[in-house]
Each structure stands twice: as structure tokens, then as C-alpha cells.
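Have a look at the structure below before the remarks.
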Amino acid sequence: MIGIVELGPLWLTLQLASATVVVLLILGTPIAWWLAFTSSRLRTIVEAIVALPIVLPPTVLGFYLLIALGPHGFLGGPWKDLTGSALSFSFSGLVIASTFYSLPFVVQPLHGAFEAIGRKPLEAAWALRASKLDTFLSVASPMAIRGYLTAIVLGFAHTLGEFGVVLMVGGNIPGQTKVLSIAIYDHVEVLEYAQAHTLSAGLLLFSFIVLLGVYTANRRFPLHAT
Amino acid sequence: MSHLSASFDLTFPSFHLQANLDVPAQGIIAIFGPSGCGKTTLLRCLAGLERAPIGSMLLGKHCWQDEKQKIFVPLSQRPIGYVFQEPRLFPHLTVKGNLQYGWKRIGESVRRITFDQVVEVLGITHLLERRPSLLSGGEQQRIAIGRALLTSPRLLLMDEPLSSLDLQRKREVLPFIQKLESEFHIPIIYVSHDLHEIVELAKTVVLLKEGKVAEVGPIEEVFSQLNLRQLIPDNHLGALIDTIVAEQDQEFGLTKLAFSGGHLHVPHQHRAIGERLRVQILAKDVSIISSPPSFQTSVLNLLEATVVEIGEVNIEHPFVDIKLDIGCPLLATITRKSLATLNLHPGQRVHAQIKAVALSPEIHQ
Numbered sequence: 736m737i738g739i740v741e742l743g744p745l746w747l748t749l750q751l752a753s754a755t756v757v758v759l760l761i762l763g764t765p766i767a768w769w770l771a772f773t774s775s776r777l778r779t780i781v782e783a784i785v786a787l788p789i790v791l792p793p794t795v796l797g798f799y800l801l802i803a804l805g806p807h808g809f810l811g812g813p814w815k816d817l818t819g820s821a822l823s824f825s826f827s828g829l830v831i832a833s834t835f836y837s838l839p840f841v842v843q844p845l846h847g848a849f850e851a852i853g854r855k856p857l858e859a860a861w862a863l864r865a866s867k868l869d870t871f872l873s874v875a876s877p878m879a880i881r882g883y884l885t886a887i888v889l890g891f892a893h894t895l896g897e898f899g900v901v902l903m904v905g906g907n908i909p910g911q912t913k914v915l916s917i918a919i920y921d922h923v924e925v926l927e928y929a930q931a932h933t934l935s936a937g938l939l940l941f942s943f944i945v946l947l948g949v950y951t952a953n954r955r956f957p958l959h960a961t
Numbered sequence: 085m086s087h088l089s090a091s092f093d094l095t096f097p098s099f100h101l102q103a104n105l106d107v108p109a110q111g112i113i114a115i116f117g118p119s120g121c122g123k124t125t126l127l128r129c130l131a132g133l134e135r136a137p138i139g140s141m142l143l144g145k146h147c148w149q150d151e152k153q154k155i156f157v158p159l160s161q162r163p164i165g166y167v168f169q170e171p172r173l174f175p176h177l178t179v180k181g182n183l184q185y186g187w188k189r190i191g192e193s194v195r196r197i198t199f200d201q202v203v204e205v206l207g208i209t210h211l212l213e214r215r216p217s218l219l220s221g222g223e224q225q226r227i228a229i230g231r232a233l234l235t236s237p238r239l240l241l242m243d244e245p246l247s248s249l250d251l252q253r254k255r256e257v258l259p260f261i262q263k264l265e266s267e268f269h270i271p272i273i274y275v276s277h278d279l280h281e282i283v284e285l286a287k288t289v290v291l292l293k294e295g296k297v298a299e300v301g302p303i304e305e306v307f308s309q310l311n312l313r314q315l316i317p318d319n320h321l322g323a324l325i326d327t328i329v330a331e332q333d334q335e336f337g338l339t340k341l342a343f344s345g346g347h348l349h350v351p352h353q354h355r356a357i358g359e360r361l362r363v364q365i366l367a368k369d370v371s372i373i374s375s376p377p378s379f380q381t382s383v384l385n386l387l388e389a390t391v392v393e394i395g396e397v398n399i400e401h402p403f404v405d406i407k408l409d410i411g412c413p414l415l416a417t418i419t420r421k422s423l424a425t426l427n428l429h430p431g432q433r434v435h436a437q438i439k440a441v442a443l444s445p446e447i448h449q
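Those protein sequences? They're chains A and B, same order as listed.
The opening residue of the first sequence carries number 736 in this note's numbering; numbering runs sequentially from there.
The opening residue of the second sequence carries number 85 in this note's numbering; numbering runs sequentially from there.
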């Protein structure tokens, strides 16, 4: 049953998921913070937009991203002028696409965590001479540690599992955009079930271990807001 | 002496705060009023947690808000300590970490209050290495007070710091608040809807009504006024008298308190001779007789008094409040019928019978 497989797609997938998670934490933190504490009417609209990738078929998202990332798209055009290379069918393009695709899986746990903390500890920190940034770093983020853990794992795991968006935006270029899920599809297409088994079982096991790790860690951080 | 001058005008959908305050920044200044009168909002404005679009706030020569000049200093840059209703300790830090949080963030040169001093006064040495979630409510609130003190604030704001505690814990924390004033010389603004706490603690009182300052002044003066009926619940109307424990009567289980107009006998108090005790004599517990009774009375406290002022007579209300002088002000609530029968008028010499003396039993027993 076990087939010999090339490790290229696995390596590429891990790189993609890691890069995506890093980008998402940087982008997702301010979005989640804003969602948790704003009283603006735009909040509901932004919340809905952030949640879109959950309900949209990946092909729809992939289609629009393909256009946006293309040499004449609003992202791909300036990128090409700047770097000389196209965004579509490239690793960078994949990172951008995955960022959109996995956005809710990072923003929502963070949003929930910040909301659970609420204003009260922040006000307490301000009254103890902490600036807003200081308060975020020394009070809010340590208190949101479980939210961050969940966000990292879900963002990572969800990026591992994407298929439709990656196929449309990245194509299937070995070493550049051929990720694990596409490699599995390729093996099945040519009836290489043994290889497909190896990769699928590997992904399954990996996902399970990661989730198990998260839930265990979540129990280890019994943070009660007072 | 430095003054606290503040003025805020702030509108919420269902509430309008329009408060002007000018009080000596000294001792404990209590803000008192019923729920919903804007006490907490006023305190949040003073702290800078709410920004009133029309507002100013000065402590001595330090200006923290002046909207005319577009000055607004955020809370994190004001030397203010804030103790909230709930302790709001940081759960990810130990007690020590919580105490040092603000202390680390102020310059070494402004540290007037030391860690050891606070730990000792608040009696929290044995708690330092613990996590806040493992402490009782009273312990947590003491840490919250200590944490605020360690920023060496110029003004300490306390928002009903005892309200989340049960009686037992209140008794545990109250003495520490009393000590703060004498130990650290920080003016404290203390919000409460519990008159007993205020009688116990405050030097100056601010009465709030529907978002406006209705009355402000030294607590004995404010509480000896006749026109407070709308501001203070009936069962709380009454003059405050500062006394000194003079004698313990073991045989009858009584304590004799001396005050500027003579003596009061009260049920036995566990207090040392010479100790100061502020008592409240509720207006409803005082009756007036025109001449000393020729018969024996069971009322222990019978004092000579002069009628000072007769309160507003309301035809729809059977009672009227009388202000007496017994060496200090005393309020009495009597019926309009009695007023007519005794033919009371200012300057008249009468006797006041005091049926009971309120001693904040919630706190002292």
C-alpha cells in the first residue's frame, strides 16, 4: 500500500502554510482587534466579508483571485511592474490567495478572544500607566494566548487542506505551486493509489496530531478572566 | 492646599451628566447618590476614561483636560490610581506581577510609595507568589488597591470598591481604605451608594442627582441640612456627630461617647477609650419635647436643644424636618401636628430625645 513519493509537494505545502499563517497573524490581529472593540456601523459589513471564504465555493474565490492576481489584475499588475514577474501561478500568488482563503480561520478565534477579554483589563492597564501598544503586548495578547493558538493551528491546517483555490490560482507547477492536496489529486488521476494513500494518510495523521495538540494545550492554559 | 476643579458636560442616549466640582483635594471625598445618578460616569470622566466634549479637569496646577484648548491627557499619562468595582487583576500574572505592573512603568524619581510599604499596610505578604484566581474577593480587591498605590498617584479614584464583596470581606477591606489616607496622604475620590461606608470614611461629600451635583461640602455640614430629603432616602436622613469614646459601662453594657454638646449612651462598642467614632443620628429617631419630662423616661439620651430652623411644611406630607442645635447640628423628623402642638419656632429652647444612634452596624459588629 505504501508508495514511494516525492517530498517536494510536502515541503512546499509546509512553506506555504507557514508563510500564510505569519501573514495572517500580522493582518488578522488588527482586524480582529477592530472588530472586537469598534462601535462603528461598518463592523457587521467587515464581519460578513471576513466570513465569506467559509461559505464561498473555493472555485469562486479562486476565479476572482486569478483575475486580481493576473498580469492585468489590480494586485498582479502593480506587482508585475514592481518585480517584473507575474503573481498568478507563483508561490507569492499562492500565499496571497491562501491568506484570503484562511482569513476567517485566524480572525474569528482572535476576535472571540479579544471580545472575551473585553475593555475592563485594558482600562486597568491604562490606569497603571501602560500605553495602548504596551497594554496590547503585556495584557491583551498574553490573555488571548488560547485564541492565538487556535488561530495559528486552524490557519495552518486550513491552508494545508486547500485545493480549489490553489489549483485555480497556482496551477500545478512542480516545485513552485504543486502542493500536497494537488499531488494527491494527480496520483489518483493516474491511478497511483499507493502514493495517494501515503500522502493522504500522512496528511490525515498530521492534522489529527496538530488538533490533538491544540486541545491538549487549551486545557493547559486555564486562563480565567477576573 | 491644592484643589480639584472639574466640569463635565456629556450626553448619552438616556442620560446627561452636567457636573461641576470644586473641592479641596484632601482626605476622602465621597460621591454619593442613588444608582443611575451618574457617579461612575463622573468618576470615569475624572479619570479620562470618558471624554466629555465640553469639559475641564484640573488638580492643583496640573491640567488634564481643557476642551477649550483641546487639551486631553489620556489616562495612561495621568498620575491617577483607579480601583474599579471588580478587582480586574491580570490573570496571567502573579500577585507580585500585578503589584509591580504599574510600579515598573513609572519613573524611579516619582516612586514615593515603596513595594514593602504597600505590602505591609495591605497585609498581603503571604499572597505574593499566588495567581489572582486563587484569591478571595477581599484579597483580590486589596491587591487591586495596592497595584494602584504603587504608581504613587496624585489622586486615587475608587468606584464602589467594596460593592462586590460580602459583609465579611467589606469589614476586611474597609480598615485598609481608612489607613490609606493617613499613611500615604493621597486624596481619594470614593464613589458609593452605601451611606454607611461614606459616613465611616469621608471628609467631604458630593451628592449627585440625575447627573448634577446637588450638594457638596464637608460631610457634617451637608448632612445637617434640612433640604436633603429628595437626595437621601428617608431612612438615611440624619446629622453626623464626631465623638470620642469616653467611658465603658460594664454593668449595663453601654458605651459613653463624648461630643461637643455633651454625651451619648450607646450599646457597648468594642472600642478603646479615646478612640474617635463618627455616629449618625437619624432624624426619625429624634423626638422633641418642650420641657424636661417630670416623669421618668426609658430614653437614655435626652439633650437640651435650641430650634434652629423649621423645614418646609408640605400639606400633602404629614411630617416636617426640624434642625436643632445641641452643641452641634441635629435633625429631627416630627409630625406637622406636633409642630403645631409644640408651637415650635426658631430660637426656642427644647429637649431632644434620641431613641437610637446609628453606628454603621454593618461594618462594626
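Ideal placement from N, C-alpha and C gives every residue a C-beta, glycine not left out.
Tell me whether the beta-carbon of residue i lies closer than 7 Å to the beta-carbon of residue j.
| i | j | result |
| --- | --- | --- |
| B:A131 | B:L159 | yes |
| B:P216 | B:Q224 | yes |
| B:Q51 | B:L386 | Since the first residue of chain B shown is 85 and the last is 449, residue 51 of chain B is not available in this structure. |
| B:I365 | B:I418 | no |
| A:P839 | A:I789 | yes |
| B:D369 | B:A440 | yes |
| A:L829 | A:L902 | no |
| B:F343 | B:T327 | yes |
| A:V914 | A:L796 | no |
| A:L800 | A:A832 | yes |
| A:S935 | A:I917 | no |
| A:Q911 | A:F826 | yes |
| B:Q432 | B:V391 | yes |
| B:A367 | B:D409 | no |
| B:L450 | B:V107 | As displayed, chain B neither begins before 85 nor continues past 449, which places residue 450 of chain B out of reach and without an answer. |
| B:Y274 | B:I155 | no |
| A:F849 | A:W746 | no |
Rounded to a whole number of angstroms, what is the C-alpha to C-alpha distance between residue i and residue j?
| i | j | result |
| --- | --- | --- |
| A:H959 | B:L218 | Since pLDDT at A:H959 reaches only 44, below the 50 mark, its modelled position is unreliable, and the value read off the structure follows with that caveat. Each residue's alpha carbon lies about 11 Å from the other. |
| A:D921 | A:E858 | 55 Å |
| B:E256 | B:G222 | 7 Å |
| A:M736 | A:L940 | Interpretation of A:M736 is limited by its pLDDT of 45, a score under 50 that renders its predicted location unreliable; the figure taken from the coordinates is listed afterwards. Straight-line Cα distance between these residues: approximately 16 Å. |
| B:F268 | B:L426 | 51 Å |
| A:L749 | A:G937 | 13 Å |
| B:L212 | A:T951 | 29 Å |
| B:L233 | A:K855 | 19 Å |
| B:Y166 | A:V904 | 54 Å |
| B:L535 | A:S774 | Nothing about residue 535 of chain B can be reported from this structure: the residues present for chain B run from 85 to 449 only. |
| B:Q332 | B:R362 | 17 Å |
| B:K296 | B:G139 | 14 Å |
| A:F809 | B:G230 | 56 Å |
| B:E192 | B:S236 | 11 Å |
| B:K293 | B:I270 | 27 Å |
| A:I908 | A:V949 | 33 Å |
| B:E64 | A:K867 | Outside the shown range of chain B, which is 85 to 449, sits residue 64 of chain B, and nothing can be said about it. |
From which residue to which residue does the beta strand (DSSP E) around residue i run?
| i | result |
| --- | --- |
| A:S837 | Careful: A:S837 lies outside any beta strand (DSSP E), inside the alpha helix (DSSP H) at F826 to I852. |
| B:F96 | H87 to F96 |
| B:P237 | Segment: none, B:P237 is in no beta strand (DSSP E) and carries neither H nor E. |
| A:V901 | It is not in any beta strand (DSSP E) - A:V901 instead sits in the alpha helix (DSSP H) that spans G899 to G905. |
| B:R360 | R360 to L366 |
| B:V397 | Taken as a continuous stretch (DSSP letters only), B:V397 belongs to no beta strand (DSSP E), as it is neither H nor E. |
| A:F871 | No beta strand (DSSP E) contains A:F871, which DSSP labels as neither H nor E. |
| B:V350 | G346 to P351 |
List, in order along the chain, the chain C residues whose C-beta lies closer than 7 Å to that of residue i?
| i | result |
| --- | --- |
| A:R864 | The structure shown has no chain C; the protein chains it does contain are A and B. |
Just curious, the alpha helix (DSSP H) that residue i is in, first and last residue?
| i | result |
| --- | --- |
| A:P788 | L777 to V790 |
| B:V404 | Taken as a continuous stretch (DSSP letters only), B:V404 belongs to no alpha helix (DSSP H), being part of the beta strand (DSSP E) at F403 to D409. |
| A:T773 | Where A:T773 is concerned, there is no enclosing alpha helix (DSSP H), given that its DSSP letter is neither H nor E. |
| A:G811 | G811 to T818 |
| B:K263 | L251 to F268 |
| A:G890 | I880 to L895 |
| B:I372 | That residue, B:I372, is in no alpha helix (DSSP H); its beta strand (DSSP E) goes V370 to I373. |
Taking 8 Å as the cut-off, does the region 183-190 of chain B touch the region 853-866 of chain A (at least 3 CB pairs, one atom from each stretch)?
With the cut-off at 8 Å, the region 853-866 of chain A and the region 183-190 of chain B touch.
Are at least three pairs of beta-carbons, each pair with one atom in the region 393-405 of chain B and one in the region 345-360 of chain B, less than 8 Å apart?
These segments do not touch.
Could you check whether the region 238-250 of chain B touches the region 197-212 of chain B, counting it as contact only if at least three pairs of C-beta atoms, one from each stretch, sit closer than 8 Å?
Taking a cut-off of 8 Å for Cβ pairs, the region 238-250 of chain B and the region 197-212 of chain B do not touch, as fewer than three such pairs fall below it.
Suppose only complete runs of 3+ residues qualify. What are the beta strand (DSSP E) ranges in the region 273-333 of chain B, listed by chain order?
Within the region 273-333 of chain B, the runs of beta strand (DSSP E) that reach at least 3 residues and sit entirely inside it are, in chain order, 288-293, 296-302 and 322-333.
Touching or not, the region 883-897 of chain A and the region 839-851 of chain A, by the rule of three or more beta carbon pairs under 8 Å?
With a cut-off of 8 Å, the region 839-851 of chain A and the region 883-897 of chain A count as touching, because enough Cβ pairs lie within range.
Touch check for the region 295-314 of chain B and the region 408-415 of chain B: three-plus C-beta pairs under 8 Å?
The region 295-314 of chain B, when compared against the region 408-415 of chain B, does touch it at the 8 Å Cβ threshold.
3 or more residues per run - each beta strand (DSSP E) lying fully within the region 140-206 of chain B
The region 140-206 of chain B contains these whole beta strand (DSSP E) runs: 146-150 and 164-167.
Taking contact to mean at least 3 C-beta pairs separated by less than 8 Å, is the region 278-297 of chain B in contact with the region 104-117 of chain B?
Counting Cβ pairs under 8 Å, three or more are found: they touch.
Touch check for the region 99-109 of chain B and the region 145-152 of chain B: three-plus C-beta pairs under 8 Å?
At 8 Å Cβ cutoff, the stretches do not touch.
In the region 915-956 of chain A, which residue ranges form an unbroken alpha helix (DSSP H) of at least 4 residues, counting only runs that do not cross its ends?
Counting only runs of 4 or more, we get 915-924 and 928-955.
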